[in-house]
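Protein chains: 2
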Amino acid sequence: MDAHTWTQTLRVDEGFRLADLDPDAKPGYDHGKARGVADLAARLADLNVLQERLFAESRAGVAKDAVLLVLQAMDSAGKGGIVRHVVGGVDPQGVALAAFKAPTAEEREHDFLWRIEKRLPDPGFIGVFDRSHYEDVLIGRVRELAPPAEIERRYDAINEFEARVAASGTRIVKVMLHISPEEQKTRLMERLDRPDKHWKYNPGDVDERLVWPQYMQAYQTVFDRTSTAAAPWHVIPANAKWYARLAVQELLLAALEDIDPQWPRADFDVESEKKRLAAS
Amino acid sequence: MDAHTWTQTLRVDEGFRLADLDPDAKPGYDHGKARGVADLAARLADLNVLQERLFAESRAGVAKDAVLLVLQAMDSAGKGGIVRHVVGGVDPQGVALAAFKAPTAEEREHDFLWRIEKRLPDPGFIGVFDRSHYEDVLIGRVRELAPPAEIERRYDAINEFEARVAASGTRIVKVMLHISPEEQKTRLMERLDRPDKHWKYNPGDVDERLVWPQYMQAYQTVFDRTSTAAAPWHVIPANAKWYARLAVQELLLAALEDIDPQWPRADFDVESEKKRLAAS
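Here it is in structure tokens:
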């Protein structure tokens, strides 16, 4: 299956139901883990060439394109692994990573998109949001952190915001990593079993587990309301980490292939520069 | 030679003369390229463990330590390669990279350290400055971008600034990559010979070559005035890229080993969390 077809398979279209998607599935990929790990490594070279061209285009001022990967998931679903093993393979000079935590007092005084706007990737960059403005309609909804009318307002605000960002040249790749509650339990238990993983564990993680169905409903509403042509959602079954990493890499590749960045032409006379350099 | 001794060898101490350092030398390392490349890969695992511990400590709020790598060099000396091949091996979640270009109109309205302060790494992070406040006493001095009294003022201002940053818990690792003008010519010519490298070439690079001795003098003054106990300079011969990368990695390792970060102890009761998780 080519990248474009695979990307389509993962996309949230009309009628998508999260409850029907098996977190153990590997849609669009017919091979096992060993091949998957090998494919991830093999495709990294393509990703690097495309990223460098994108960066080069922006430096030369010939294009305004950027990529924004938005990562959302329940705790321990593997966002960190995506950053480490997919994004981490790319030249750090071309990556802008933003991890959004609970908003600060200053951030809460502003509209929920205020802090998001500031972290949008510059042209030429691959931006990564580790959590995002979607927290404001996920935990925001489940924990009633804002009045219902305000939560309701945010879906349209997000769509308008993302449409504007997309129109400015940024390909928005929205990804939800989908794990099962059983898989999460296993992963959190491992964090508790290993002293070098304790720092990753937060007692609040269990509190959120207890309202898992409410979160799944909040995600479903996010997909229903904000999977747009300008910025579609992709739900990636993530019980198998290797599959999720490969799928996200493929989504990034598809976004970059869509941009199709080219090495910019020199804006100086190459031959005369060679002479000038030789004489220097 | 252990990391600490090697680090000492590269350090700018009293009486250091840049003109006496051969850019082809490999001080402190007795092996060749093949072994150097293998050592770089082998030491990456150590770097990653130390970085993760540093990050973990800061998340747990038990430490304020950070590392700041300041990279300065003539064009094509290999700053980008350091970022790609040394820093790029580290989890991007723990890295904060800042590339300083010619200051914007807004930045020029402020003191030269204004934009620098804003990009200092948070606790737990490895910050990297690709160029830095030293441009203001390098190109600033050579191209007379500020009055002599202002340039003069900056050396002490830098020392006070860095002493404050160091006192707050940030290990400042200042590195100048030292290449020969002949090596630079070769590297720039390669950029001109390859269309996929044209975007990296700037006719201004040759202009700067023409005042190479003035730059070396400006660097010597930087070393004389700003290599302090709190933030010493290291000059790394960089005609051999593999050596420079290995040496910078070693400096980062030494800084992290000096911090000696530990896995933080859980601030919750592990056994009762296991029960709570099991029941969830």
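Sequences listed follow chains A and B, in order.
First residue of the first sequence: 1, per full-length UniProt numbering; consecutive thereafter.
First residue of the second sequence: 1, per full-length UniProt numbering; consecutive thereafter.
Beta carbons: idealized from backbone N, C-alpha and C, even for Gly.
Keep in mind it's a predicted model, so treat the numbers as computed, not measured.
Taking the alpha carbon of residue i as the point to measure from, which residue in the options has its own alpha carbon closest?
| i | options | result |
| --- | --- | --- |
| valine 173 of chain A | A:Asp130, A:Gln220, A:Met74 and A:Ser76 | A:Asp130 |
| tyrosine 155 of chain A | A:Leu138, A:Ser168 and A:Glu144 | A:Leu138 |
| residue 316 of chain A | A:Thr228, A:Glu150, A:Ser132 and A:Leu210 | Coverage of chain A is limited to positions 1 through 280, which leaves residue 316 of chain A absent and any answer about it impossible. |
| glutamate 152 of chain A | A:Asp196, A:Asp13, A:Asp224 and A:His234 | A:Asp224 |
| leucine 21 of chain B | B:Ala266, B:His234 and B:Arg276 | B:His234 |
| residue 314 of chain B | B:Leu277, B:Ile179 and B:Ala266 | Summary: the structure shown does not reach residue 314 of chain B, with chain B confined to residues 1 through 280, and so no result is reported for it. |
| alanine 279 of chain B | A:Pro264, A:Asp207 and A:Leu120 | A:Asp207 |
| arginine 23 of chain B | B:Gly61, B:Val248, B:Ala238 and B:Glu190 | It is worth fixing the name first, because residue 23 of chain B is proline in this sequence and not arginine. Here the closest residue by C-alpha is B:Ala238. |
| glutamate 250 of chain B | B:Leu18, B:Ala19 and B:Val37 | B:Val37 |
| leucine 68 of chain B | B:Val12, B:Gln51 and B:Gly78 | B:Gln51 |
| leucine 145 of chain B | B:Ala102, B:Gly61, B:Trp212 and B:Arg115 | B:Ala102 |
| lysine 79 of chain B | B:Gln214, B:Ile259 and B:Met176 | B:Met176 |
| alanine 244 of chain B | B:Glu14, B:Asp13, B:Ala25 and B:Gly15 | B:Ala25 |
| valine 90 of chain A | A:Ala149, A:Leu47, A:Ala60 and A:Gly81 | A:Leu47 |
| alanine 266 of chain B | A:Thr186, A:Tyr201, A:His133 and A:Ser132 | A:Tyr201 |
| leucine 256 of chain A | A:Gly61, A:Thr226 and A:Ile126 | A:Ile126 |
Counting only Cβ pairs nearer than 8 Å, list the residues of chain B close to residue i.
| i | result |
| --- | --- |
| glutamate 273 of chain A | Leu192, Tyr201, Pro203 and Val206 |
| arginine 119 of chain A | Going along chain B, no residue has its Cβ under 8 Å from arginine 119 of chain A, so there is no contact; the nearest lies around 13 Å. |
| leucine 210 of chain A | Ser280 |
| alanine 99 of chain A | Gln93 |
Cβ closer than 9 Å: which chain A residues qualify as neighbours of residue i?
| i | result |
| --- | --- |
| methionine 189 of chain B | Lys274, Leu277 and Ala278 |
| lysine 185 of chain B | Leu277, Ala278 and Ser280 |
| proline 264 of chain B | His198 and Trp199 |
| leucine 40 of chain B | None at all; the shortest Cβ gap to chain A is about 16 Å. |
| phenylalanine 268 of chain B | His198, Tyr201, Asn202 and Pro203 |
Can you have a look at residue i and say buried or exposed, based on whether 16 or more other CB atoms are within 10 angstroms of its CB?
| i | result |
| --- | --- |
| glycine 124 of chain A | buried |
| lysine 33 of chain A | exposed |
| proline 121 of chain B | buried |
| arginine 143 of chain B | exposed |
| alanine 63 of chain B | buried |
| alanine 231 of chain A | buried |
| glutamate 117 of chain B | exposed |
| alanine 77 of chain A | buried |
| residue 290 of chain B | Residue 290 of chain B is absent from the structure shown; chain B starts at 1 and stops at 280. |
Using beta-carbon positions only, say whether residue i and residue j come within less than 8 Å of one another.
| i | j | result |
| --- | --- | --- |
| glutamine 93 of chain B | valine 83 of chain A | yes |
| glutamine 262 of chain A | arginine 53 of chain A | yes |
| leucine 252 of chain A | tyrosine 29 of chain A | no |
| alanine 56 of chain B | tryptophan 242 of chain A | no |
| glutamine 184 of chain B | aspartate 75 of chain B | yes |
| alanine 254 of chain B | threonine 9 of chain B | no |
| leucine 188 of chain B | leucine 277 of chain A | yes |
| isoleucine 259 of chain B | valine 248 of chain B | no |
| proline 181 of chain B | arginine 141 of chain B | no |
| alanine 99 of chain A | threonine 170 of chain A | no |
| alanine 149 of chain B | leucine 113 of chain B | no |
| valine 87 of chain B | valine 128 of chain B | yes |
| proline 203 of chain A | alanine 60 of chain A | no |
| tyrosine 134 of chain B | valine 222 of chain B | yes |
Report the neighbours of residue i on chain A: residues whose CB is nearer than 7 Å to its CB, in chain order.
| i | result |
| --- | --- |
| glycine 88 of chain B | Asp91 and Pro92 |
| proline 195 of chain B | Trp263 |
| glycine 80 of chain B | Gln93 |
Along chain B, which residues have their Cβ under 9 Å away from the Cβ of residue i?
| i | result |
| --- | --- |
| valine 83 of chain A | Asp91, Pro92 and Gln93 |
Closer than 7 Å by beta-carbon distance: list the chain B residues that pair up with residue i, in chain order.
| i | result |
| --- | --- |
| alanine 56 of chain A | Trp199 |
| glutamate 59 of chain A | The amino acid at residue 59 of chain A is misidentified as glutamate; the sequence shows arginine. Simply Trp199. |
Any beta carbon of chain E sitting closer than 8 Å to that of residue i?
| i | result |
| --- | --- |
| valine 206 of chain A | Protein chains in the displayed structure are A and B, and chain E is not among them. |
Check: Are the segment 35–42 of chain B and the segment 100–110 of chain B in contact at 8 Å, needing three or more beta carbon pairs?
Finding: Because the criterion of three Cβ pairs below 8 Å is not met, the segment 35–42 of chain B and the segment 100–110 of chain B do not touch.
Notebook entry, point to check: Is it true that the segment 189–207 of chain B meets the segment 262–272 of chain A, where meeting means three or more beta-carbon pairs spaced less than 8 Å apart?
Noted result: A contact exists between the segment 189–207 of chain B and the segment 262–272 of chain A.
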